[in-house]
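**Student:** This is the structure, below, for whatever I ask next.
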Amino acid sequence: MALVVQKFGGTSVGSIERIKNVAKRVIKEYEKGNQVIVTVSAMAGETNRLIALAKEITDLPDERELDVLVSTGEQVSVALLAITLIKMGYKAKSYLGHQIKILTDSAFTKARIINIETDKIKRDLDNGYIIVVAGFQGVDEYGNITTLGRGGSDTTGVALAAAFKADVCDIYTDVDGIYTTDPRIYNKARKLKKISYDEMLELASLGSKVLQIRSVELAKKYKVPVHVRSSFSDEPGTIVCEEDSDMEKVVVSGVSCNKDEARITLVRVPDKPGVAAKLFGAISAGNIVVDMIIQNSSIDGTTDLTFTVPKSDLKKTLNLVKAISDEIGAKDVLYDEGIAKVSIVGLGMRSHSGVAAKMFEVLGNAGINILMISTSEIKISCAIDEKYTELAVRLLHDAFELDKENVEG
Ligand code: ADP
Ligand code: ASP
Ligand code: MG
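Numbering (this note's numbering), first residue to last: 6 to 414.
Next up, the structure:
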């Protein structure tokens, strides 16, 4: 008997009809003789709707209260799924994060899971129950409700699989696997049979929201095999797993893009030790993740400092930065929300040269100006004008021939 964790995303539970479809998939797994823990997201559009309600009141809603609000989306969908399973003749129980409990830190709206209690659920499983767990939510040590960041139900799924030592974590979504790029952006995108944890980590952190980045971090840490597949078909999807020698041969395995970042520039910052530490220390204390950073060489003892943060954190960051910019003597603070980041990712980049040059050439030939560049061992990212995002993705996909299998460069 295996223990299987299944996660269904918002589109998969977007209506009662779809919840019935999910119930059938759960039952199919259960009827194989397996123990099943299911986690679900809020019904499609619900989390956005709840956030918009709070934003009607204020641009910066209190984050503790925002978590109390948005976690209700998953409360609805777990109850509806459990009601459906029971109606279909099966023993099922829904649980919220705090009932289990899924213990997190207190970083509201982007909490991290610290521990998942397993005793109660194990007893239920042994008694033949199908367990339905609310995705995206947890509870901190003080009893406050927390949420895990947008897309956080993926992380609930993988964390449950790790805690219960599940044989597999199936992530059911509205595409039938992980593609070389978002198939909604380019119809020549190709479905991958498998992808390494490290490549998926890069793709996820660079904007491929098919999996939340923390879910991939956890899967890698606890060696949980993740199967991303469609909730609407029986086709095998994509396995996210440890790398093998075949994967190393592929120079570029995916292209991703992200329109969710904004650029902030501190103009004419005095060029002296401790300035960057003060600025980025304050930003990180506000739990804001800075991505690309550029500091120009200094002229007349001052320099421009440019960096990107998630658009959702722009207001909060500007408030922090404006306070500090006076203190450190910067001339001005500018920001730009009209940027996007396009990236190429591949394990084979470790051993191939000329990949960055080719990327810059493709963008340059199309007249797309590169605003910022960042690289790691297995990725190259360029910030560009947002209006060229889709064009850049398609051109890079073509240039690196990602529609063909196993390209060696
Ligand atoms: P869910 O609600 O099931 O969690 P998401 O919307 O979070 O679904 O993730 C699935 C979406 O991810 C797809 O509809 C697709 O548009 C997008 N996506 C982005 N990059 C990729 C990729 N490389 N491969 C597959 N899907 C991708
Ligand atoms: N409902 C949450 C969101 O929309 C979590 C998730 O879907 O994974 O971000
Ligand atoms: Mg998702």
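Glycine residues also receive a C-beta, built at the ideal position from the N, C-alpha and C atoms.
(1) In whole angstroms, give me the CA-to-CA distance for K106 and L8.
(2) Can you grab the Cα-Cα spacing for the pair E413 / S356, in whole Å?
(3) Can you name the residues that DSSP bridges to V229?
(4) Roughly how many angstroms separate the alpha carbons of Y340 and D203, rounded to a whole number?
(5) Where does R30 land, buried or exposed, given buried means 16+ other C-beta within 10 angstroms?
(6) Specify, as a first and last residue, the run of the beta strand (DSSP E) that D296 falls within.
(7) Hey, is the segment 218-226 in contact with the segment 157-166, meaning 3+ C-beta pairs nearer than 8 Å?
(8) Is it the case that the Cβ atoms of I136 and I150 are separated by a distance below 9 Å?
(9) Alpha carbon to alpha carbon, how far is S17 from I98? Give it in angstroms, no decimals.
(10) Could you pull out every residue in the same chain whose Cβ sits closer than 6 Å to the Cβ of L85, ignoring the five residues on either side in sequence?
(11) Output yes or no for whether 9 Å exceeds the beta carbon distance between E382 and V314.
(12) Go through the segment 195-255 residue by residue and report every complete run of the beta strand (DSSP E) that reaches 3 residues or more, in order.
(13) With a threshold of 16 other CB atoms inside 10 Å of the CB of L58, please say whether the residue is buried or exposed.
(14) Scan the segment 304-368 and note each continuous alpha helix (DSSP H) run of 4 residues or more that stays entirely inside, going in chain order.
(15) N120 by DSSP, collapsed to three states: which one?
(16) Nearest-angstrom Cα distance between Y184 and D296?
(17) Give the DSSP bridge partners of A267, in chain order.
(18) Assess, as a yes-or-no matter, whether the segment 310-326 is touched by the segment 269-287 under the definition of 3 or more beta carbon pairs within less than 8 Å.
(19) Within the present structure, is the beta-carbon of L85 separated from the nearest heavy atom of the ligand ADP by less than 8 Å?
(20) With a CB to CB cut of under 6 Å and the five nearest residues on each side skipped, what residues in its chain are close to L284?
(21) Say the cut is 8 Å; is the CB of S17 nearer than that to a heavy atom of the ligand ADP?
(22) Tell whether a beta-carbon distance below 9 Å holds between R234 and T178.
(23) Tell me the start and end of each unbroken beta strand (DSSP E) in the segment 55-121 that is at least 3 residues and wholly inside, in chain order.
(24) Using beta-carbon positions only, say whether D159 and Q217 come within less than 9 Å of one another.
(25) Identify whether K257 lies in helix, strand or coil by the three-state DSSP scheme.
(26) What residues are listed by DSSP as bridge partners for A4?
(27) Would you kindly report the start and end of the unbroken beta strand (DSSP E) that includes T178?
(28) Verify the contact flag: Q187, CB atom, against every heavy atom of the ligand ADP, threshold strictly below 8 Å.
(29) Where does V255 land, buried or exposed, given buried means 16+ other C-beta within 10 angstroms?
**Tutor:** Answer, in terms of the structure:
(1) The count along the sequence shown starts at 1 and reaches residue 106 at position 101. The count along the sequence shown starts at 1 and reaches residue 8 at position 3. Roughly 19 Å separates the two Cα atoms.
(2) Working through the sequence shown from its first residue, we reach residue 413 at position 408. Working through the sequence shown from its first residue, we reach residue 356 at position 351. Because the pLDDT at E413 is just 46, under 50, the model does not fix this residue reliably, and the value given afterwards should be weighed accordingly. Roughly 11 Å separates the two Cα atoms.
(3) Indexing the sequence shown from 1 puts residue 229 at position 224. Per DSSP, V229 has no beta bridge partner at all.
(4) Against the sequence shown, residue 340 aligns to sequence position 335. Against the sequence shown, residue 203 aligns to sequence position 198. Whole-angstrom Cα-Cα distance: 32 Å.
(5) As a first step, residue 30 is located in the sequence shown; it is residue number 25 there, counting from the start. Counting Cβ neighbours within 10 Å, R30 comes out buried, since at least 16 surround it.
(6) Here residue 296 refers to the residue found at position 291 of the sequence shown. D296 -> no beta strand (DSSP E), and no H or E assigned at all.
(7) Result yes; three or more Cβ-Cβ pairs closer than 8 Å.
(8) Taking the first residue of the sequence shown as position 1, residue 136 is located at position 131. Taking the first residue of the sequence shown as position 1, residue 150 is located at position 145. Not a contact, by the Cβ cut-off of 9 Å.
(9) Start at 1 with the first residue of the sequence shown, and residue 98 comes out as number 93. Start at 1 with the first residue of the sequence shown, and residue 17 comes out as number 12. In the sequence on display, residue 98 carries Lys and not Ile. Between K98 and S17, the C-alpha separation is close to 19 Å.
(10) In the sequence shown, counting from the first residue as 1, residue 85 sits at position 80. Excluding its 5 nearest sequence neighbours in each direction, L85 has C-beta neighbours in its own chain below 6 Å: I24, listed in chain order.
(11) Looking up residue 382 in the sequence shown gives position 377. Looking up residue 314 in the sequence shown gives position 309. No, they are not a contact pair.
(12) 199-201, 231-235, 243-246
(13) In the sequence shown, residue 58 corresponds to position 53, counting from 1. It counts as exposed.
(14) Within the segment 304-368, the complete alpha helix (DSSP H) runs of at least 4 residues are 319-333.
(15) Within the sequence shown, numbered from 1, the residue matching residue 120 stands at position 115. If DSSP states are grouped into helix, strand and coil, N120 belongs with the strands.
(16) Taking the first residue of the sequence shown as 1, we reach residue 184 at position 179. Taking the first residue of the sequence shown as 1, we reach residue 296 at position 291. Distance between the alpha carbons of Y184 and D296: 24 Å.
(17) Position 262 of the sequence shown, counted from the first residue, corresponds to residue 267. Answer is V314.
(18) yes
(19) Locating residue 85 in the sequence shown gives position 80, where the first residue counts as 1. Not so, every heavy atom of the ligand ADP lies at least 8 Å from the Cβ.
(20) As a first step, residue 284 must be located in the sequence shown, where it is residue number 279. If we look at L284 and ignore the five residues flanking it on each side, its Cβ neighbours are I329.
(21) In the sequence shown, residue 17 corresponds to position 12, counting from 1. Because some heavy atom of the ligand ADP lies under 8 Å away, the Cβ of S17 counts as near it: yes.
(22) What you label residue 234 is simply residue 229 of the sequence shown in a count that begins at 1. What you label residue 178 is simply residue 173 of the sequence shown in a count that begins at 1. In this structure, T178 lies closer than 9 Å to R234 by Cβ.
(23) 97-100, 107-109, 118-121
(24) Mapped onto the sequence shown, residue 159 falls at position 154. Mapped onto the sequence shown, residue 217 falls at position 212. The answer is yes: Cβ separation under 9 Å.
(25) Counting from 1 along the sequence shown, the entry for residue 257 is found at position 252. The sequence as given places Val at residue 257; Lys does not occur at that position. Coil at V257, not helix or strand.
(26) The requested residue 4 is not part of the displayed model; the chain covers only 6 to 414.
(27) Counting from 1 along the sequence shown, the entry for residue 178 is found at position 173. Looking at the DSSP string, the run of the beta strand (DSSP E) that includes T178 is 173-178.
(28) Counting from 1 along the sequence shown, the entry for residue 187 is found at position 182. Just to set this straight, residue 187 is Asp in the shown sequence, not Gln. Yes, the ligand ADP has a heavy atom inside 8 Å of this Cβ.
(29) Locating residue 255 in the sequence shown gives position 250, where the first residue counts as 1. Classification of V255: buried, given that the 10 Å Cβ count is 16 or more.
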